[in-house]
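Data first, discussion second: the structure below is written as structure tokens.
Number of protein chains: 2
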Amino acid sequence: MSNPIKRTTIVDVGRHAGVSTKTVSRVFNDEPHVSDAVKQRVRASAAALNYHPNVFAQSLVRRRSHLIGLVYEKPSASYVVDLQMGVLERLKGERYRLIVIPVQSVQENGAEIVGLLRAAALDGVVLAPPASDHLQILAQLDGAGIRYARIAPSRQLDLGSSTLLDDVAGAQAIAAHVLALGHRDIAIVRGDPDHAATHARMKGYAQAFAEAGCGVRDDRIETGLFTFDGGYAAGHALLDRADRPSAILVQNDEMAVGVMLAARERGLSIPDDLSIAGFDDAEVSRIAWPRLTTVRQPVFEMAIAATDMLIADLEDRKLQAHTHHDNTLLVRDSTAPPRATALRDAETNGG
Amino acid sequence: MSNPIKRTTIVDVGRHAGVSTKTVSRVFNDEPHVSDAVKQRVRASAAALNYHPNVFAQSLVRRRSHLIGLVYEKPSASYVVDLQMGVLERLKGERYRLIVIPVQSVQENGAEIVGLLRAAALDGVVLAPPASDHLQILAQLDGAGIRYARIAPSRQLDLGSSTLLDDVAGAQAIAAHVLALGHRDIAIVRGDPDHAATHARMKGYAQAFAEAGCGVRDDRIETGLFTFDGGYAAGHALLDRADRPSAILVQNDEMAVGVMLAARERGLSIPDDLSIAGFDDAEVSRIAWPRLTTVRQPVFEMAIAATDMLIADLEDRKLQAHTHHDNTLLVRDSTAPPRATALRDAETNGG
DNA sequence: CCCGATTTGTCCTACGTTGTCAATTGCCGC
DNA sequence: GCGGCAATTGACAACGTAGGACAAATCGGG
């Protein structure tokens with residue numbers, strides 16, 4: 002089983018078809034001034050010889066790899082999946098291919114990352130948070146001539162193309178929903194403080210609280226790093242307290258499901274004993290029981306939009322585009338009025 | 002904001018350091034026969050000029066892209082995630098990069114796929130099922146000189162390297178568990194018939210049934226294509242029947258969770274009214290409530306092993322390796338004795 | 001049959017790096 | 001200070017494609 006892979010070049014095709022290499026090149030690049038007869042003959046020869054243009058040589062002379070990177074940190078699996086599926090969706094039928102660049106910690110490895118991207122010879126990258134907010138990375142990308150599109154950045158929006166999302170409004174909406182149900186003993190599980198979304202969502206919660214005339218109590222905030230396990234631990238920590246909250250606002254769905262498990266292990270029924278609200282509309286939020294009240298974040302659509310802008314940038318050199326996306330409150334079954342209120346309502350009705 | 006990216010070449014570095022381009026090349030490739038003095042001088046010049054080797058030129062002359070593809074079909078998200086994480090885990094610290102190649106339907110597009118891979122200039126690919134079983138693809142890859150490692154193939158094991166998994170045994174184990182609980186009215190939700198795993202698991206179920214002295218009833222088999230929605234529909238179809246089963250064997254966890262939802266919508270309690278057994282040990286199986294009895298399939302480890310063999314193949318030209326992996330039965334909370342049996346036991350104990 | 005337009009060919013250079021092989025340098029003992 | 005041998009260094013041709021400039025061939029129409 003030796004490996005004498007026959008390498009067919011453009012020269013061979015020319016010889017076989019009885020035309021010059023220049024003509025073969027013209028045919029393969031769809032240049033004008035080629036008769037249909039020759040076109041067909043060349044294509045036939047290419048097929049007969051099983052010719053495939055050498056991508057390396059093309060890339061070398063055209064200075065194009067047609068490779069696009071997707072840079073993301075470790076966050077919840079569903080987020081990454083939606084993101085990646087969005088990029089791939091947009092890439093369907095395009096010449097570009099996707100290289101996946103997972104990063105341990107953007108915060109810590111920021112300086113090395115662009116070196117990686119450069120070594121991968123990428124034409125451009127889609128940056129997920131928190132890389133999309135890392136100014137040093139953006140600067141280095143500009144320096145390296147690598148185009149980029151940013152997913153949901155929060156600052157320096159004048160750099161590159163971005164998909165914009167109002168996390169504050171989304172968080173405010175879901176907090177307002179929980180407050181409107183009558184909850185006042187509300188705890189919060191926040192995400193990774195390295196992500197801007199964590200702070201934006203916190204701000205949205207705070208705004209809703211302020212409108213309802215109450216404040217956020219710092220001692221009722223736990224940090225869960227956006228993971229199931231983190232949410233589980235945070236849930237137990239919050240439910241351990243003597244003044245157990247009647248509702249918990251969780252900054253993503255994976256953590257929310259973790260909180261759910263913690264509540265169940267203590268025999269609490271959801272939503273009767275405890276209301277739980279998530280964020281993201283991840284797949285688990287539909288699979289969970291009861292189905293999770295959450296905020297739909299259009300990750301898939303944002304990924305498509307970002308890839309679209311990146312390609313436009315690469316093809317037409319059109320710079321600086323922005324798209325706006327909306328969060329939507331999805332009220333499902335994991336939130337309900339607090340038990341005290343429910344009892345009072347029952348009494349009121351009964352009387 | 003024009004873009005005069007200065008391209009520094011090996012020639013510039015050579016000129017700056019006062020040595021030949023060949024010497025620079027030697028320094029960058031850690032070749033022997035370079036004096037330390039020169040080495041340092043060259044490195045200093047390269048740093049000063051911000052030189053980065055041109056990957057295209059290297060690839061052209063070395064005939065190596067250092068790109069590895071991961072080919073998979075649409076199956077459950079968690080499977081793909083585990084797979085991809087495994088490949089990336091093994092690639093950490095390596096020079097290779099991962100290109101993701103999702104395929105609509107291996108069955109339908111088999112002929113075109115290798116063209117895609119070839120156009121991507123891949124050094125090698127990791128093939129997930131069902132691509133790992135597609136003989137035409139394997140033959141074309143051999144023809145194109147693209148190395149491959151196969152995940153859990155079921156035939157022609159002499160082609161390429163493979164990770165092997167005994168799905169029959171895993172399925173037999175979980176079916177035996179359900180039978181041992183006393184169930185006899187057992188329905189099955191199978192996966193995509195294009196996947197060999199679907200048939201292997203069915204065979205395992207059948208073996209367990211045979212040992213227990215009963216057979217598989219064809220009219221109690223639904224097909225769910227490995228998706229949550231498919232499982233949901235299949236669950237409703239099975240539970241609609243007059244002779245409602247007391248247990249359902251489901252060929253993956255995503256579908257199993259769908260069946261769970263269908264059961265809940267009918268007010269059935271799990272596992273009291275209905276036992277459900279999954280397959281894969283996907284993340285949802287731990288998140289679901291009750292936690293799903295399932296079979297752990299070591300996807301992550303298999304992906305690492307496959308990538309490892311692929312790299313070995315690419316680096317050392319060592320061909321034909323195989324690794325064996327085991328399924329493990331995980332009995333959790335979604336399976337219990339059927340109600341009738343439970344009642345009888347209670348009577349027996351009471352009497 | 002000649003003119004102008006279209007098609008095709010020739011020739012050359014660029015892209016940036018590596019492999020081959022020859023030339024040069026340095027070092028050793030005498 | 002000089003052979004002789006090993007360690008360093010350099011010159012030059014690949015690698016396969018793109019594409020510019022321009023000449024040559026071909027075609028169609030009056």
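Protein sequences, first through last, are from chains E and Y. Just so you know, we're using my numbering here: the first sequence kicks off at 2 and counts up by one. Just so you know, we're using my numbering here: the second sequence kicks off at 2 and counts up by one. Positions of the beta carbon are idealized from the N, C-alpha and C atoms, including for glycine.
Where does residue i land, buried or exposed, given buried means 16+ other C-beta within 10 angstroms?
{"i": "N328 (chain Y)", "result": "buried"}
{"i": "V298 (chain Y)", "result": "According to the sequence as given, residue 298 (chain Y) is Gln; it is not Val. By the 10 Å Cβ count, Q298 (chain Y) comes out buried."}
{"i": "R191 (chain Y)", "result": "buried"}
{"i": "E266 (chain E)", "result": "exposed"}
{"i": "G232 (chain Y)", "result": "buried"}
{"i": "G19 (chain E)", "result": "exposed"}
{"i": "L158 (chain Y)", "result": "exposed"}
Straight-line CA distance for residue i to residue j?
{"i": "A78 (chain E)", "j": "M256 (chain E)", "result": "12 angstroms"}
{"i": "S21 (chain Y)", "j": "D314 (chain Y)", "result": "34 angstroms"}
{"i": "I271 (chain Y)", "j": "A322 (chain Y)", "result": "43 angstroms"}
{"i": "L160 (chain Y)", "j": "I312 (chain Y)", "result": "16 angstroms"}
{"i": "E316 (chain Y)", "j": "A145 (chain Y)", "result": "18 angstroms"}
{"i": "L262 (chain E)", "j": "G259 (chain Y)", "result": "19 angstroms"}
{"i": "A153 (chain E)", "j": "M86 (chain E)", "result": "17 angstroms"}
{"i": "D273 (chain E)", "j": "L250 (chain E)", "result": "15 angstroms"}
{"i": "A47 (chain Y)", "j": "Q137 (chain E)", "result": "22 angstroms"}
{"i": "V104 (chain Y)", "j": "D193 (chain Y)", "result": "15 angstroms"}
{"i": "S36 (chain E)", "j": "A122 (chain E)", "result": "37 angstroms"}
{"i": "Y73 (chain Y)", "j": "L89 (chain Y)", "result": "15 angstroms"}
{"i": "Q141 (chain E)", "j": "V62 (chain Y)", "result": "29 angstroms"}
{"i": "H326 (chain E)", "j": "R156 (chain E)", "result": "16 angstroms"}
{"i": "L226 (chain Y)", "j": "D219 (chain E)", "result": "47 angstroms"}
{"i": "A235 (chain E)", "j": "E223 (chain E)", "result": "6 angstroms"}
{"i": "V296 (chain E)", "j": "E284 (chain E)", "result": "12 angstroms"}
{"i": "A120 (chain Y)", "j": "H200 (chain Y)", "result": "33 angstroms"}
{"i": "A150 (chain Y)", "j": "R221 (chain Y)", "result": "36 angstroms"}
{"i": "P5 (chain Y)", "j": "F229 (chain Y)", "result": "With a pLDDT of 47 at P5 (chain Y), under the threshold of 50, the modelled position of this residue cannot be trusted, and the question is left open."}
{"i": "D281 (chain Y)", "j": "R44 (chain E)", "result": "47 angstroms"}
{"i": "A176 (chain Y)", "j": "P246 (chain Y)", "result": "14 angstroms"}
Among the residues of its own chain, which have a CB less than 6 angstroms from the CB of residue i, if the five just before and after it don't count?
{"i": "K204 (chain E)", "result": "V169"}
{"i": "D83 (chain Y)", "result": "V300, F301"}
{"i": "R202 (chain E)", "result": "D168, A172, Q252"}
{"i": "A38 (chain E)", "result": "none"}
{"i": "H135 (chain E)", "result": "V107, G111"}
{"i": "D143 (chain Y)", "result": "none"}
{"i": "A248 (chain E)", "result": "V179, H184, I187, S276"}
{"i": "R292 (chain E)", "result": "R333, D334"}
{"i": "R91 (chain Y)", "result": "I305, T308, D309"}
{"i": "V81 (chain Y)", "result": "Y73"}
What does a CB cutoff of less than 8 angstroms around residue i pick up in its chain, not counting 5 residues either side in sequence?
{"i": "D13 (chain E)", "result": "L50, Y52"}
{"i": "H34 (chain Y)", "result": "R27"}
{"i": "L269 (chain Y)", "result": "L240, L275"}
{"i": "H178 (chain Y)", "result": "A278, T294, L330, V332, T336"}
{"i": "L182 (chain Y)", "result": "A248, S276, T336, A337, P338, P339, T342"}
{"i": "H17 (chain Y)", "result": "S46, A49, L50"}
{"i": "S133 (chain E)", "result": "R151, I152, A153, P154, S163"}
Pull up the CB-CB distance for residue i and residue j, whole angstroms please, since I reckon it's below 8 angstroms.
{"i": "S286 (chain Y)", "j": "D334 (chain Y)", "result": "The Cβ separation is near 11 angstroms, so there is no contact."}
{"i": "R148 (chain Y)", "j": "D186 (chain Y)", "result": "Incorrect: roughly 49 angstroms between the Cβ atoms, too far for contact."}
{"i": "T294 (chain Y)", "j": "T336 (chain Y)", "result": "4 angstroms"}
{"i": "A209 (chain Y)", "j": "L180 (chain Y)", "result": "6 angstroms"}
{"i": "L166 (chain E)", "j": "M310 (chain E)", "result": "Going by Cβ atoms, the distance from L166 (chain E) to M310 (chain E) rounds to 15 angstroms, so no, they are not a contact pair."}
{"i": "I288 (chain Y)", "j": "A264 (chain E)", "result": "With 8 angstroms as the limit, I288 (chain Y) and A264 (chain E) do not qualify as a contact, their Cβ atoms being about 14 angstroms apart."}
{"i": "I102 (chain Y)", "j": "I100 (chain E)", "result": "Wrong, their Cβ atoms sit about 11 angstroms apart, outside the cutoff."}
Here's a check: name, in chain order, each residue in its chain whose Cβ is nearer than 7 angstroms to the Cβ of residue i, leaving out the five neighbours to either side.
{"i": "A306 (chain E)", "result": "T164, T324"}
{"i": "K319 (chain E)", "result": "A313"}
{"i": "L117 (chain E)", "result": "I102"}
{"i": "V56 (chain Y)", "result": "none"}
Regarding residue i and the ligand GDP, is the C-beta to nearest heavy atom distance less than 7 angstroms?
{"i": "V12 (chain Y)", "result": "In terms of ligand content, the structure shown is empty, and the ligand GDP therefore cannot be addressed."}
- Does the stretch 64-76 of chain E touch the stretch 95-115 of chain E, meaning 3 or more C-beta pairs lie closer than 8 angstroms? yes
- Evaluate contact between the stretch 128-145 of chain E and the stretch 110-127 of chain Y, counting only Cβ atoms and requiring at least three cross-stretch pairs below 8 angstroms. no
- Task: Say whether the stretch 206-215 of chain Y touches the stretch 226-243 of chain Y, bearing in mind that this needs 3 or more beta-carbon pairs closer than 8 angstroms, one atom from each stretch.
- Result: no
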